[in-house]
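Numbering (the numbering used here), first residue to last: 134 to 1025.
Quick reminder that beta carbons are idealized off the backbone N, C-alpha and C, glycines included.
Okay, so here's the structure we're looking at.
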């Protein structure tokens, strides 16, 4: 392509002149392309920056002063202009707001509905939608709104508002509203701009007031989110709301019975529809096994999850948290506009700036009010002097030829009173005096004028006092807000620490693992081959081979893993209880070694070796023991005349458990014919040490919380609730316990409990009972069947002593001391017990016991046991002794 544009006719005519010589404004094409590119680059750069700045400052990010986005600020400003105490149609509010907001009515309507649903600034009437179900609001022409009393108290004051022209210059709108409350933290906000976003979680109204007071007094404070949808939240990584932090929010799930779960609160940002949809997706993927889900939500959330037969309710609760929207993680990002720039702050910074802003606004309001009072007081003093001194009747005043002359006379008459006046007298003051009507002069009352002046002086004095103690005045402001509005906003979201749920432990094992040993395949799709175990699609599988190699692979539908497979099962990470007992031959003709080891962690698809790696090594005995069992094996050696004992036994319990890379101990140096199982053994790991963590209401084996003891397989846990209910459970980590747990301990069927209670069936008299609790997975109540019964005291002291303090009309009586074991015997927990007294009781306290439990013996009471000299043959029958003597005689 030529670098010049040449006319074809000129070229055909043979004219050699070019546009470059004839037209000075002609340029090469490449030069024009570069110029256009440069112009477009500059346009895009400037336009994009303008657009990005506009979106950040005028659309998506709230201002730190009032915590509002521009559209929210314009809506509230419009509602204030329309406010007459009555409701206005939302359509009318939207239309009025369009005078200030240069965008469509849809964005205004959506923002107004969101403000209304926060139940803070706007008093709503009609169908405004439901944040629980996600249902939308009715059309703007059907619903109405007005400003709440709270909004009128804290948002508006035209005297302290800074104004600017609206987008078309026809109206004035506030730059920011003078909000005297940390509104940004109370409502929360979410906005996406160009290149940045803002996500500030809502906080509790009362806690914001308390935190503001603490900050003003120089005391530390902490703020955590609170949501209208309730639920529970883990704030251990909240990081004060700064970007980089995160919170976990969980739904509240209750067990109605072993077959039904009820979701009564949902995470922030989710609806019942989205939660149910996530549950159904998890069911479709096989993560959870349930029968059906019912949505009974109306004013309160109620989602019923009906479990399939044979499914654990505790495990399903964990699975709901692991695989559905019953648990969500949110990363806050506290981005606000301050001084026309976006800033990333912490929640504490926002509250401090809000409290400082509130203090400044209250100071401004006081100063404005003081200035107004001073002006009123100044004119009232002038008016009083003007009327009492009858300046209006002076001849000079009446005969004044001009207004200036009259003003000069009045000023001259007022001069002696200047020392008692607040400020200098201006011409405007004199003109205002001259405008006083004669009727007002005639009705003037000196006493009322003095009283009015005194009231103003008292109010000014009070304002001066507030200005001098502005911090305390601001503190009282927040106390007033909390007292006036705080009861409406209790904390709805419970602060808790969550335990980490491992998905592999709670996923439903809805798949079956098969193996084709001949071809070397494993997988869930080999339906016609050998069944191994149930598994899930996120499980890992551990495979041991006959040559000592082993590895971990992901569960798949069909996967080639090789032949000579010895053992296949689901791999549990960090499992120290599963012990592998192995005998292997080192090389083709080497010694036989015995070893015990566990496998807690492995790299997936990497090959390991349990032998020493010698070529020709072979595993000759293998067992996997889920609880560290140690069996006895029988070893048969190959016949050899030099070996006297070719059959011997070995107990794995004598072999120490070491790491998987250990060589093991030499079992024998001779050739082995075969090894077989002689006897199965018990666990060599002992019982499980179990702890109870009250923060998460879960058991653990990691030493967190209260130590419950060492548990054998037959042991159980006793759970006693605050309402008198009790039951026993196993010590499985998937168990969930109620919020009202009073006692969790290892169950002892021989332990005696003593309880003092008010029996509603017996006119509320106090009763005392002693009993042992019975093991049962079903909840029972030691307080009785009447739900009105109230517990006074429960103790497991063997010989408890109680002090009864009388009250009411019987408070003159001396305290009564009771030895409980002498007062009443041990009976069933269902027994009524024995009445303590008919007098009025103030309280019952437990005293220190004066004696301690005696050791249990099989003998009866009052029998002294003398030490005995035991015969060596003690315990043998006569027949046994005769057989022994006869046997010894036969030896000779």
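Query                                                                                                                                                                              : Result
Would you call the stretch 327-338 and the stretch 587-595 touching, i.e. three or more CB-CB distances under 8 Å?                                                                 : no
Are there 16 or more other CB atoms within 10 angstroms of the CB of residue 120, so buried, or fewer, so exposed?                                                                 : No statement about residue 120 is possible, as the shown extent of the chain runs from 134 to 1025 and does not include it.
Based on Cα-Cα distance, which residue from 800, 789 and 207 lies nearest to residue 754?                                                                                          : 800
As a quick exercise: from 777, 769, 778 and 825, pick the residue whose alpha carbon is nearest that of residue 807.                                                               : 769
Compare the beta carbon distance of residue 1031 and residue 227 with 8 Å and say whether it is the shorter of the two.                                                            : Since the displayed the chain opens at 134 and closes at 1025, residue 1031 lies outside it and no answer follows.
Could you give the DSSP three-state label for residue 611: helix, strand or coil?                                                                                                  : helix
How would you call residue 729, buried or exposed, if buried means at least 16 neighbouring beta carbons within 10 angstroms?                                                      : buried
DSSP on residue 962, reduced to helix/strand/coil?                                                                                                                                 : coil
Quick check on the DSSP output: the beta strand (DSSP E) that includes residue 834 runs from which residue to which?                                                               : Counting along the chain, residue 834 falls outside any beta strand (DSSP E), and DSSP gives it neither H nor E.
Taking only the alpha-carbon atoms, compute the straight-line gap between residue 614 and residue 495 and give it to the nearest angstrom.                                         : 14 Å
Based on Cα-Cα distance, which residue from 743, 626 and 644 lies nearest to residue 678?                                                                                          : 743
Can residue 976 and residue 938 be called in contact, C-beta distance under 8 Å?                                                                                                   : yes
Thinking C-beta only, is residue 409 closer than 8 Å to residue 416?                                                                                                               : no
Going by C-alpha to C-alpha distance, which of 312, 817, 759 and 499 sits closest to residue 597?                                                                                  : 499
Could you tell me the alpha carbon to alpha carbon distance between residue 936 and residue 980, rounded to whole angstroms?                                                       : 7 Å
According to the Cβ coordinates, are residue 818 and residue 864 closer than 8 Å?                                                                                                  : no
For residue 1023, count neighbouring Cβ atoms within 10 angstroms of its own Cβ and tell me buried if that reaches 16, exposed if not.                                             : Model confidence at residue 1023 stands at a pLDDT of 35, short of 50, so the residue's coordinates are unreliable; what they give is reported in the following sentence. Residue 1023 is exposed by the Cβ-count criterion.
For the stretch 310-339, which segments carrying the beta strand (DSSP E) assignment without a break, of at least 3 residues, lie completely within its bounds, in sequence order? : 322-325 and 330-333
Pick out whichever of 929, 940, 959 and 858 has its Cα sitting closest to the Cα of residue 902.                                                                                   : 959
How many Å lie between residue 1037 and residue 476 at the Cα?                                                                                                                     : No answer is possible for residue 1037: the residues shown for the chain start at 134 and end at 1025.
In its own chain, which residues sit with a C-beta less than 6 Å from the C-beta of residue 737, not counting the 5 before and 5 after it?                                         : 685
Quick check: residue 469 and residue 196, are their CB atoms within less than 8 Å of each other?                                                                                   : yes
Between which residues of its own chain and residue 1000 is the CB-CB distance below 8 Å, once the five residues before and five after are set aside?                              : Residue placement at residue 1000 is poorly supported in this model, since its pLDDT is 36, which falls under 50; the coordinates are not used for a value here.
Quick one: residues in its chain with C-beta nearer than 6 Å to the C-beta of residue 471, no 5 flanking neighbours on either side, listed in chain order?                         : 197
From the DSSP output, read off the bridge partner residues of residue 440.                                                                                                         : 423
Measure the C-alpha to C-alpha separation of residue 689 and residue 414 and round it to an integer number of angstroms.                                                           : 20 Å
From 308, 406 and 504, pick the residue whose C-alpha is nearest to that of residue 594; which is it?                                                                              : 504
Assign residue 484 to one of three DSSP states: helix, strand, or coil.                                                                                                            : helix
Bridge partners of residue 717, per DSSP?                                                                                                                                          : 726 and 752
Report buried or exposed for residue 575, applying the criterion of at least 16 other Cβ atoms within 10 angstroms of its Cβ.                                                      : exposed
Buried or exposed: residue 203, going by 16 or more other Cβ atoms within 10 Å of its Cβ?                                                                                          : buried
Only counting the same chain, and skipping five residues up and downstream in sequence, which positions put a Cβ closer than 6 Å to that of residue 274?                           : 224
Use the C-beta contact count for residue 889: other C-beta atoms within 10 angstroms, 16 or more gives buried, fewer gives exposed.                                                : buried
What's the gap between the Cα of residue 155 and the Cα of residue 304?                                                                                                            : Caution is warranted here: a pLDDT of 43 is assigned to residue 155, below 50, making its placement in the model unreliable, and no coordinate value can be reported.
Residue range of the alpha helix (DSSP H) that residue 283 falls in?                                                                                                               : 282-287
Pull up the distance between the alpha-carbon of residue 933 and that of residue 858, whole angstroms please.                                                                      : 22 Å
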